[in-house]
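Residue numbers (our numbering): 2 to 211.
Ideal Cβ positions, reconstructed from N, Cα and C, are used throughout, including at glycine.
Every value quoted in this text rests on a predicted model; they were computed, and no experiment measured them.
Working notes, beginning with the structure itself.
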Amino acid sequence: MNQSKIKRDPEGTRRRILLAAAEEFANGGLFGARVDQIARRAETNERMLYYYFGSKEQLFTAVLEHAFGALTEAEKTLDLNGIAPVEAITRLAHFVWDYYRDHPDLLRLINNENLHEARYIQKSSRIREMISPMVATLSSILERGQRAGLFRANVDPLRFYVALSGLGYYIVSNRFTLEASLGRDFNAPSERAEMVRMNTELLLAYLMRK
């Protein structure tokens, strides 16, 4: 791509770099991804990459922000107002689990960031702000369920979100090692359906008032 076109479309160039970097980082991690390969995928050059993002590490942070931002935008399509609390919790859980299934690159990026002890997420206030709406949605559902006498009291929304998230996260992020060690593909449609059913029952069994 010639330089004049790059200059005429700075946002397009920046987005191409971001998307190319997301794929490279998901596949090779921060240290395995190569700047020259990212630039090549984005049909630009390394100079433009540094111009827009400053450094490889800053680009990695931007990729994490973009990935979490996409999750937040997808969550906004959920309209759980007026939905009965049990059904609303179920829909929210299934949305999160389906999103993980459909976006394994997000989980690979998170796994790589855990290797860095969240060094780059800690540099981003935006990511914490992105997670807040999901937790706020969950808090609202929990409050409605408690007022209706359906849910147990004193459920911490953040802890519950972590538990909910983990139930879907583990079988996607560990799909290949689970299959190799246990001999079962938990991503197969029938197996996944059974896991979703069981995980839903686990969540509700904890949440429902006795």
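Boundaries of the alpha helix (DSSP H) harbouring Y100: 86-103, taken from the DSSP string. For F177, the three-state secondary structure derived from DSSP is helix. Listed as beta-bridge partners of F152 by DSSP are M209.
Contact check for G150 and R210: beta-carbon distance about 6 Å, within the 8 Å limit, so the pair qualifies.
Listed in chain order, the alpha helix (DSSP H) runs fully inside the region 24-85 are 36-42, 47-54, 57-76, counting runs of at least 4 residues. The Cβ neighbour count for V163, taken over all protein chains shown within 10 Å, is under 16; the residue is labelled exposed. Taking every protein chain shown into account, the CB of L183 has fewer than 16 other CB atoms within 10 angstroms, so this residue is exposed. Taken atom to atom, the span from the alpha-carbon of L208 to that of K77 is near 24 Å. DSSP places S133 within a helical segment (H, G or I) once states are collapsed to three.
Between F161 and L139, the CB-CB gap stays under 8 Å. Of the candidates P190, E66, A43, R15, the residue whose Cα lies closest to the Cα of S126 is E66. The count of Cβ pairs closer than 8 Å, one atom from the region 15-31 and one from the region 45-58, reaches three, so the stretches are in contact. With 16 or more other Cβ atoms inside 10 Å of its own Cβ, P86 counts as buried.
With respect to F26, L110 sits close: the two C-beta atoms are nearer than 8 Å. Within the model, the alpha-carbon separation for Q147 versus A63 is close to 38 Å.
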